[in-house]
Structures are given as structure tokens and as C-alpha cells.
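The structure appears right after this line, and notes come after that.
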Amino acid sequence: MTKGYKMPKGFLWGGAVAAHQVEGGWQEGGKGVSIADTMRAGENGVPRVEDAEVLPGKVYPNHWGVEFYSHYKEDIKLFAEMGFKAFRTSIAWTRIYPNGDEAVPNEAGLAFYDDLFAELHKYNIEPIVTLSHFEMPMHLVKAYGGFANRKVVDCFTKFAETCFRRYHDQVKYWMTFNEINNQTSWRDPHPLLQNSGLILKASDNWEEKMFQAAHLEFVASAQTVQIAHAIDPTLKVGDMIAFNPIYPLTARPEDVLYCQRAMDYRYYFGDVMATGEYPAWIKKYWARKGYDVGITAADEAILKAGAVDFVGFSYYNSAVVKYADDNPDLDFDEASNQEKNPYVPRSDWGWQIDPVGLRYSINWMTARWHKPMMIVENGFGAFDKVEKDGSVHDDYRIKYLADHLLQAEKAVAEDGADLIGYCPWSAIDVVSASTGEMKKRYGFIYVDADDQGHGTWKRSRKDSFNWYKQVIASDGADL
Ligand code: BGP
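Residue 138 in this note's numbering sits at position 133 of the sequence shown, with consecutive numbering throughout.
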């Protein structure tokens, strides 16, 4: 249906995936073992600390993904058919540095991405690349403790530099760490392993460790921005923030104030990466808690000189908080972030569906960070049903995406936001990051495979495929 809005000329219409969720070929071409390779099917995705190994007899869905490693030409052809102008994926760190700390990169891994990017350019599709999407080499976790250790900052920046030198002619848009701020909602040690490579002991203060690791990721990211610009000033490096706006449950001033703190807490990551500085409140917070985050004067200079060029973000849902009377210090607790919003529906996985929240989020980020923005994930995880003739009527997905796109278009047309691209999750069905399952599907393209990795891997077009094709062809006018 035509709604009267259009995205501007040159807008990067595309789709997104991550290497570990699609590629498979986990031992092809000299690839090493990453954190994602230890993720088991159906066990809530993220590996348990004690199980962060590849054990015989267990099912590890990222070992095959959707076999993109061997099917990428066929898949890119389908992306081109939809009219993609951009495609977001990640480079599996373990293809380039199998252990993460080698002196020289792995040529076979580098060559794979040469071919992948060349294939995209054949169809004038712009690659958008995340450097770290939950894919740290397992060796860096075991040998150094992930981002608990400054050695890993050097390993990451070396990996980034290798990628920039090799691919700067092919790839202009880069992002450093996927959903870097998700660590605040993952108080359990396992997800911290997924994001920053930390394995925590029961005696550790998870929050202090999280702030310390995030700090080293900020330093790594800021150095990466500077390295990119030195190698090729035309490169654009962004952060990647998991953005779900938090609303106060009521207009009670305490609820509103607490909500403000919740937003500050979840999005200080974006503050540091966009402005190069920590906000004042967080330093007070650390002092009150007695945390030593280990920030040096040299680090502060690096952060200041390495602010990102754009803000990449994912948007799936919104959240609601309520102030508790026994919390005068406004300490943010993720448990307070689980209130149900009576005004919005929920998905089969309980995610609140809130298109208007996307417009609000874009405007919030614009006012706060003053950067160009790119939606690098937005989508609807659902059980898809394949009809006898092979078709998939995913009208629920079309509705979700159309409703969200309309709000993004309004943010541009009515509010003046500088939105440069839209890459919904996911370009093709992928293994779910939080559940390790295939049955939570997001793609425009159906892949015949189940949670155990059984199937023909045949690709087919869902109804949303044809819908998105028409959206792109009309620059977003025809939703
Ligand atoms: C984000 C991740 C993606 C992706 C998506 C959907 O958190 O960056 O990797 O998977 O969410 O989440 P899920 O697969 O858990 O439904």
C-alpha cells in the first residue's frame, strides 16, 4: 500500500546476517574455533561456561549455519533479485586469525571474503561488515580471558587492520562490536562470554567486570576507527547498539526518573562511542559502587580521537520499567525492565512489537548523538509454515516490517533524521542467536533445514521476498 513516504536517493536498502549464523564450514579453509562454534542447539543458545567446548555427540548449529559458505553465490543472486543495494554480514575472526593471536593471517580465510565481496559487487550490492559479531576466537577466551585483558585489544585491532588493508576498496561501511551494550542485560556469566569473551567466577562482581571489559572494547573500537581512517579516509566505521527504548510504566515522576537512568545505563555505550567521553553520572555510579574500571589518561585520549562515523543499531522491541521504592539510588536492575506494555502486542517469543518505538528511537539517537544512522537489524522471528506447493505465507512478517518501515520513513520525512540504510534481520533464514534454533525464522528466503541440521538446504522465496522487492523498487513508497 502506498503511504506517501519514500526513502532518499542512494538509501542503502538491504538485509543482514552474521557469519556464524549463516556460513557453516566451521573447519573449512583453516578456520579456528570461535565462541559461536560452542553454542548448542536448543539450550538457550549461549554456551555454558563449563560447556564452552566442542564436545562429541552434541549438536552445534553454527557448524553448518545455513551453509552459506558453499551457497553464497546462489544466495547473493536472490538478494540481487530482491533489489538489495547493501548486504550486512560479519567477517568470522577465526577465518582470518584462527586462534586470534597469530603473527600472520590465514590466506584461505582472507580469500573467502575476497570472493564474497566480489560477488556482491557483481550486482552492485554494497557490503556492510561487522568485525565482531559474537565470534571471538575461543583461544583468546582461554589464553587471555577475552576483553578482561589488554592483549585482546591488540589482537582485535590487528584483525581490524588486516581487514581494512585487504578490503578497503571493497568495503566502505564497517562496525566494530555487534550489540555491544547487550552486556548490561546479561547478568549471567554465559552471555558475557558471548559478547566480550569473559568467563566469570562465582566470586566475581559481574558488573564491575562488565564495565572493565566494555571499556577495553571501547578502546579497541576507537583505535579501530583511527586505523581505518589512516588506511583509507573514505572508510566509515560505526558502532552497533542494540536499541530498545525503555518507557516508564506510569507518569509518576519517580518512574520517569528511573526510566531516564535505565536509558542512560543501557546506552552509555553509545555515548562513549559517539562522543568519545564517558557521561558524568557513570563516574559517580562507579565511585559509589567502589568500582575500578581501569581507565587511563592514554585511554581517554584514544576514545576522544576515535569517535564513530555513524551509529548502526538493531531494533526489535521496546521495554517498560517501574521504579521500586527501595531503590533511592536508581540502580538499574534488568528485572525491573520486564513490565508488560498493555498498548503493544507480543511475538511468540514474548518480544513486544512496537513500530512507533522505532521512530522514537531514531529521534532519541539523533538528539543525543548527532550522527548518521543505519538500521542494521529489524525483524520478526516466527514459526513459518511451508505449504504443499513450497510457498510460505508470512503476512505477519510483512506487517511487522511494513509497520516499522513506515515509522522509519516518518522519522526521515517528518523529523529530519539522517538515516542512511535499512538492513532487516534477516536476509535469509539463519540460526537464532539466542536459542540456537532454526525454527525461529526471520528471513525473506526460506532454507529447508531443521534444528538438528537435517534438510536439503534448498532455498525458496517467502511472500515477504516479493513484498520487499516491491518496497525497494519503490524506494519505500509501496509498503
Ligand atoms: C540480535 C543479534 C543477531 C540476531 C538477532 C535476533 O541480538 O545481533 O545475531 O540473531 O538479535 O535474535 P535471535 O536470533 O535470538 O532471535
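Yeah, the Cβ is synthetic: ideal placement off N, Cα and C, and Gly gets one too.
Sorry if obvious, but does the Cβ on residue i come closer than 6 Å to a heavy atom of the ligand BGP?
{"i": "LYS82", "result": "no"}
{"i": "ASN186", "result": "no"}
{"i": "GLY386", "result": "yes"}
{"i": "ALA3", "result": "Summary: the structure shown does not reach residue 3, with the chain confined to residues 6 through 484, and so no result is reported for it."}
{"i": "ALA438", "result": "yes"}
{"i": "LYS445", "result": "yes"}
{"i": "ASN200", "result": "no"}
{"i": "ASN249", "result": "no"}
{"i": "ALA292", "result": "no"}
{"i": "THR23", "result": "Going by the sequence as given, residue 23 is Ala instead of Thr. Because some heavy atom of the ligand BGP lies under 6 Å away, the Cβ of ALA23 counts as near it: yes."}
{"i": "ASN383", "result": "no"}
{"i": "ASN183", "result": "yes"}
Taking just the CA atoms, how far does residue j sit from residue i?
{"i": "ASP400", "j": "ASP389", "result": "10 Å"}
{"i": "GLY362", "j": "MET370", "result": "12 Å"}
{"i": "SER95", "j": "HIS138", "result": "6 Å"}
{"i": "LEU240", "j": "VAL71", "result": "30 Å"}
{"i": "TYR102", "j": "ASP244", "result": "22 Å"}
{"i": "PHE223", "j": "GLU213", "result": "15 Å"}
{"i": "LEU115", "j": "ARG171", "result": "8 Å"}
{"i": "THR461", "j": "ASP276", "result": "45 Å"}
{"i": "ASN332", "j": "ILE287", "result": "17 Å"}
{"i": "VAL230", "j": "ALA310", "result": "9 Å"}
{"i": "PRO194", "j": "GLY202", "result": "Unreliable positioning characterises PRO194 in this predicted model, as indicated by a pLDDT of 49, which lies under 50. A coordinate reading is not provided."}
{"i": "PRO284", "j": "ILE133", "result": "29 Å"}
{"i": "VAL54", "j": "TRP472", "result": "No answer about VAL54 holds up, because its pLDDT of 49 lies below 50 and its placement is not dependable."}
{"i": "GLN175", "j": "ALA123", "result": "8 Å"}
{"i": "PRO3", "j": "LEU121", "result": "Coverage of the chain is limited to positions 6 through 484, which leaves residue 3 absent and any answer about it impossible."}
{"i": "PHE374", "j": "VAL64", "result": "Reading off the sequence, residue 374 comes out as Trp, not Phe. Approximately 42 Å between the Cα atoms of the pair."}
{"i": "PHE470", "j": "ALA422", "result": "27 Å"}
{"i": "PHE216", "j": "MET278", "result": "14 Å"}
{"i": "ARG466", "j": "GLN343", "result": "36 Å"}
{"i": "GLY355", "j": "LYS445", "result": "12 Å"}
{"i": "GLY299", "j": "ALA292", "result": "12 Å"}
{"i": "ASN154", "j": "THR162", "result": "14 Å"}
{"i": "TRP31", "j": "VAL38", "result": "8 Å"}
{"i": "ASP483", "j": "GLY19", "result": "16 Å"}
{"i": "GLY458", "j": "ARG364", "result": "38 Å"}
{"i": "TYR427", "j": "ARG402", "result": "16 Å"}
{"i": "ASP159", "j": "PHE182", "result": "15 Å"}
Counting along the chain, where does the beta strand (DSSP E) carrying residue i start and finish?
{"i": "MET379", "result": "378-382"}
{"i": "VAL417", "result": "Note, VAL417: premise wrong, no beta strand (DSSP E); alpha helix (DSSP H) at 400-418."}
{"i": "VAL326", "result": "324-326"}
{"i": "TYR321", "result": "No beta strand (DSSP E) holds TYR321; DSSP gives it neither H nor E."}
{"i": "PRO132", "result": "131-137"}
{"i": "ALA422", "result": "No beta strand (DSSP E) holds ALA422; DSSP gives it neither H nor E."}
{"i": "ALA21", "result": "17-21"}
{"i": "VAL452", "result": "450-452"}
For the alpha helix (DSSP H) holding residue i, just list the boundary residues, first then last.
{"i": "GLU124", "result": "112-127"}
{"i": "VAL391", "result": "No alpha helix (DSSP H) holds VAL391; DSSP gives it neither H nor E."}
{"i": "GLY362", "result": "360-374"}
{"i": "TRP472", "result": "468-478"}
Can you confirm whether residue i, when its beta carbon is compared against all beta carbons of chain D, has any partner nearer than 7 Å?
{"i": "ALA235", "result": "Protein chains in the displayed structure number just one, and chain D is not present."}
Complete alpha helix (DSSP H) runs within the region 233-304 (minimum length 4 residues, chain order) | 258-280 and 285-294, all fully within the region 233-304.
Uninterrupted alpha helix (DSSP H) stretches inside the region 149-227 (no shorter than 4 residues) | List check, alpha helix (DSSP H) in window: 155-172 and 194-201.
What runs of the alpha helix (DSSP H), each 4 residues or longer, lie entirely inside the region 24-100?
-> Complete alpha helix (DSSP H) runs here, min 4: 24-27 and 73-87.
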